[in-house]
Each structure stands twice: as C-alpha cells, then as structure tokens.
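Protein chains in written order, with the working numbering: chain A, 1 to 124; chain B, 125 to 376.
The beta carbon of each residue, even a glycine, is placed where N, CA and C say it ideally should be.
Here it is, written out as structure tokens:
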C-alpha cells in the first residue's frame, strides 16, 4: 500500500493560527467603540484653536498703550472677552496686561472644565 | 482468535443514547440559560456604548454649536424611551446666596432592559444607571460642570430634552436631535456667595445616589461639594454661570 502523504499537516496548523488571530481581533473590535470614542474626544476636546485665538487677541492688545496703561479700558475689554468666552466656548477666561519698564507682562487664565491653561509671559 | 463475549449491541446503544441525552440535558439546563444571560449582558453593554455615543452627540450639540445630529442605533433586548422634560418629576434646584432659584426639569432618554434589570438613562448631560426594583444608582459618564479656582466661578450646564410626546423604540432606528434655540445663560455674581444644589428624586426613577457621588466627588472641584441634608453646597462662589440648553428630539 502506498504510504500516506502527510506533508499537508501545516494547513491544519495555519487554520488554528488564523482562528487564534480572528479571536484576538474580535476582542480588539469589541473594545473599539469605547476606546475610539474617548480617544477622538481627547483630540477634539483639546481647545488648541480657542487658546490660540485668545492669545493672539491679547498679544494684539499689548501693543496698544491705551489698553495697557488704562485699567478701566482693560477691565471693560476683559469683561467683554470673558462674556464672549463663556457664551460661545463655555470657557472661563481672564487676562491682565501690566507695564514693567519697556516690556509688557501678560497673564492669561483659561479654563473650560477639561483643560486649564495659564500663561505668564513678557512681551517687548 | 477474536473473543467478543463482552460486547452487546443493546448495551452499547443504551450507553451512547444516555451520553447523548445527558449532553442535551446539560446544554438545556445550564448552557442555554447561561447563553441567554450572556446575551442580556451583551445587550446592556452595547446600550451603554450607544448611550455614550448619544452623550457625545449631545456634547457636539451643546458645546460645539452643531445644530442637528442623528444617531443611528440598534436597540436590542429592551426599548429606548424619550420623555419630555415636563413628564419627569425629578428636579434640580439651584440657589445662589439664598436667592435666584433655578428649578430645572431635565427630561430623559432611557433604555429599559426587558430580560435584565438595567435601566440606563441620559439626563442632564450625564449617563446614569440603576437596577429595576432596587435602590442605588451609578453615573457612567459625567456632565462637564466645573469650578474655576482662580476666578471662583462655578459653571453649570443644564441640558433639557424636549419631545412632542413620549415615544419609544426597539430595533433599528435613529434618534434625531436638534438644538435650534440659543442656550439661556444666567450669570449672577455675588462675591463670596454660596451655591446650593438640591436634587429632588422621582421615587419611581431615582438617581439620587449617582448625583450625590458626582456632586461630592472631586470632578467639579477638589474635595467635592459639601453635603448638607439633601443639598450640596459650594462656597465661596464669586460668579455663577448657569447655561440651559434645550435639545429637541423628533420622532424616532
């Protein structure tokens, strides 16, 4: 009788490996909704643009001596900015500009419940 | 020479038959109920994920100024209900330095499991869960209230569901949500003021434990709000912001 050809045994082994692979993928898939959700929220919820918009406005004010030296005007401006921030971006935001010598010290405080950002810098 | 004296066809058949019947019995008595339980808990877990999707869309409507969202969903093992805010008897009462009371009814999007006991609800920006016919509740996802330490500002977001009438869904469908009205913003300020929040439960649909854990936990402010009787107190609050969003839910 001819000897049984058993060189195809690796097909069975491969089938087993593919099964293990599919099982592993199914575990990943069952977690994906939650993980994808929180990751994409993490990216979406970092308010990079909001902070940059606010910074650029305030840096714009720092060149205006009518705003930096007049605390009344600065207070009104801050009232408007924080009103806009809370209404449009749900953000608590305050800033202050004070002159020290030739430079202007800028303080920004930004908090939207998820991200809190504080900046102190000296502008020429 | 073969000796087959011990082999009987009848006994062999009976043995095999008994093994088969025992197998079927085991699967029917233990395996099938276990599979059903598994199915129920899978359905409930899927609904928790769906509720997180709904909450994500509500965040888009409220915080990102998107006017309209549609959530496609497959509600399995139970049904999803939408209750207008006027139909829910739970209340959030917010008072600031003894005055300016805000009395708020949230409305609900609620999943009730048929086979299991879970009730999962989206209300006021949070996802809360309880068991039918038993006390206690937990919060699966929190709303985004916050207290800013620098300016002593307490920001409260209230989310209200408006539906023309109570509606329910099971199976495949979608949940159309829109926010066409601008949110109402109240921002009283009183330096060194005190904010008192009271949650009035609906005894048939009680989430007081979930809200207690949220208020007294450290997600709003480190150390949480102080529990005084049935109220939660935060002080000092120089500035209080209460934003009320109205989300309209169309027919499912």
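So, are the CB atoms of residue 357 of chain B and residue 226 of chain B less than 9 Å apart? The count along the second chain starts at 1 and reaches residue 357 of chain B at position 233. The count along the second chain starts at 1 and reaches residue 226 of chain B at position 102. Contact: no.
Taking only the alpha-carbon atoms, compute the straight-line gap between residue 173 of chain B and residue 56 of chain A and give it to the nearest angstrom. Taking the first residue of the second chain as 1, we reach residue 173 of chain B at position 49. Taking the first residue of the first chain as 1, we reach residue 56 of chain A at position 56. Distance between the alpha carbons of residue 173 of chain B and residue 56 of chain A: 39 Å.
Taking CB distances under 9 Å as the criterion, tell me whether residue 131 of chain A reaches chain B. This structure cannot speak to residue 131 of chain A, because chain A is shown only from 1 to 124.
Can you find a C-beta in chain A that's less than 9 Å from the C-beta of residue 277 of chain B? By 1-based counting over the second chain, the position of residue 277 of chain B is 153. Using a CB distance cut-off of 9 Å, residue 277 of chain B counts as an interface residue toward chain A.
Can you tell me which residues form a DSSP beta bridge with residue 154 of chain B? As a working mapping, residue 154 of chain B is identified with position 30 in the second chain. Answer is none; residue 154 of chain B lacks a bridge partner.
Whole runs of the alpha helix (DSSP H) within the stretch 33-97 of chain A, excluding any shorter than 4 residues: Fully enclosed alpha helix (DSSP H) runs of 4 or longer: 48-62, 65-68 and 71-89.
Opposite residue 116 of chain A in the DSSP bridges: which residues? Translated into positions along the first chain, residue 116 of chain A becomes position 116. As computed with DSSP, residue 116 of chain A is found in a beta bridge with A:111.
So that I know if they touch, is there some Cβ in chain B lying closer than 9 Å to that of residue 94 of chain A? As a first step, residue 94 of chain A is located in the first chain; it is residue number 94 there, counting from the start. Answer yes: the Cβ-Cβ gap between residue 94 of chain A and chain B drops below 9 Å somewhere.
Going by beta-carbon coordinates alone, are residue 179 of chain B and residue 222 of chain B separated by less than 9 Å? Numbered from its first residue, the second chain carries residue 179 of chain B at position 55. Numbered from its first residue, the second chain carries residue 222 of chain B at position 98. No. Outside cutoff.
State the DSSP-derived secondary structure class of residue 131 of chain B, mapped to helix, strand or coil. Looking up residue 131 of chain B in the second chain gives position 7. Of the three classes helix, strand and coil, the one that applies to residue 131 of chain B here is coil, per DSSP.
Where residue 147 of chain B falls: helix, strand or coil (DSSP): By one-based count along the second chain, residue 147 of chain B stands at place 23. DSSP, reduced to helix, strand and coil, places residue 147 of chain B within a helical segment of the structure shown.
Can you list, in chain order, the residues of its chain whose CB lies under 8 Å from that of residue 91 of chain A, leaving out five sequence neighbours each side? Residue numbering aside, residue 91 of chain A sits at position 91 when the first chain is read from its first letter. Within the same chain, residue 91 of chain A has close Cβ partners 47, 50, 85, 110, 111 and 112.
Give the DSSP-derived three-state secondary structure of residue 234 of chain B in the structure shown. As a working note, residue 234 of chain B is residue 110 in the second chain. Here residue 234 of chain B carries a strand assignment [DSSP, helix/strand/coil].
Using DSSP's beta-bridge definition, name the partner residues of residue 250 of chain B. Here residue 250 of chain B refers to the residue found at position 126 when the second chain is read from its first residue. According to DSSP, which records beta bridges pairwise, residue 250 of chain B is partnered with B:247.
Please work out which residues of its chain come closer than 6 Å, Cβ to Cβ, to residue 232 of chain B, disregarding the five sequence neighbours upstream and downstream, and give them in chain order. Counting from 1 along the second chain, the entry for residue 232 of chain B is found at position 108. Within its own chain, the residues whose Cβ lies closer than 6 Å to the Cβ of residue 232 of chain B, once the five positions on either side in sequence are excluded, are 207, 212, 245 and 247, listed in chain order.
Check whether chain B comes within 9 Å of residue 76 of chain A, counting only Cβ atoms and requiring the distance to be less than that. Locating residue 76 of chain A in the first chain gives position 76, counting from the first residue. Output row for residue 76 of chain A: interface = no.
Quick check: residue 103 of chain A and residue 123 of chain A, are their CB atoms within less than 9 Å of each other? Position 103 of the first chain, counted from the start, is the residue given in the question as residue 103 of chain A. Position 123 of the first chain, counted from the start, is the residue given in the question as residue 123 of chain A. Cβ distance < 9 Å, so residue 103 of chain A and residue 123 of chain A count as in contact.
Just how far apart, CA to CA, sit residue 371 of chain B and residue 359 of chain B? Here residue 371 of chain B is taken as the residue at index 247 of the second chain, counted from 1. Here residue 359 of chain B is taken as the residue at index 235 of the second chain, counted from 1. Approximately 30 Å, taken between the alpha carbons.
My understanding is that residue 307 of chain B touches residue 368 of chain B, with C-beta atoms under 8 Å, so please give their C-beta distance in whole angstroms. Position 183 of the second chain, counted from the start, is the residue given in the question as residue 307 of chain B. Position 244 of the second chain, counted from the start, is the residue given in the question as residue 368 of chain B. That belief holds up - the Cβ atoms of residue 307 of chain B and residue 368 of chain B are roughly 6 Å apart, short of 8 Å.
How many whole angstroms separate the CB atoms of residue 229 of chain B and residue 209 of chain B, which I take to be in contact at a CB cut-off of 8 Å? Counted from its first residue, the second chain places residue 229 of chain B at position 105. Counted from its first residue, the second chain places residue 209 of chain B at position 85. Contact flag correct, Cβ pair sits at about 4 Å.
Pick from B:156, B:263 and B:146 that is closest to residue 335 of chain B, judged by C-alpha positions: Locating residue 335 of chain B in the second chain gives position 211, counting from the first residue. Measuring from the Cα of residue 335 of chain B, the nearest candidate turns out to be B:263.
Kindly confirm or deny that the stretch 162-176 of chain B and the stretch 195-203 of chain B touch, where touching means at least three C-beta pairs closer than 8 Å. Contact between the stretch 162-176 of chain B and the stretch 195-203 of chain B is established, with three or more Cβ pairs separated by less than 8 Å.
Provide the residue span of the alpha helix (DSSP H) that contains residue 351 of chain B, from first to last. The count along the second chain starts at 1 and reaches residue 351 of chain B at position 227. It is not in any alpha helix (DSSP H) - residue 351 of chain B instead sits in the beta strand (DSSP E) that spans 350-352.
Proximity below 9 Å, CB of residue 268 of chain B to CB of residue 114 of chain A: As a first step, residue 268 of chain B must be located in the second chain, where it is residue number 144. As a first step, residue 114 of chain A must be located in the first chain, where it is residue number 114. Against a cut-off of 9 Å, the Cβ pair of residue 114 of chain A and residue 268 of chain B comes out as a contact.
Nearest candidate by alpha-carbon position, reference residue 325 of chain B, set B:241, B:259 and B:130: The residue labelled residue 325 of chain B in the question sits at position 201 within the second chain. Comparing Cα positions, the closest option is B:259.
Give me the chain B residues within the contact set of residue 87 of chain A, using Cβ-Cβ distance strictly less than 8 Å, ordered along the chain. The count along the first chain starts at 1 and reaches residue 87 of chain A at position 87. Chain B residues near residue 87 of chain A: 309.
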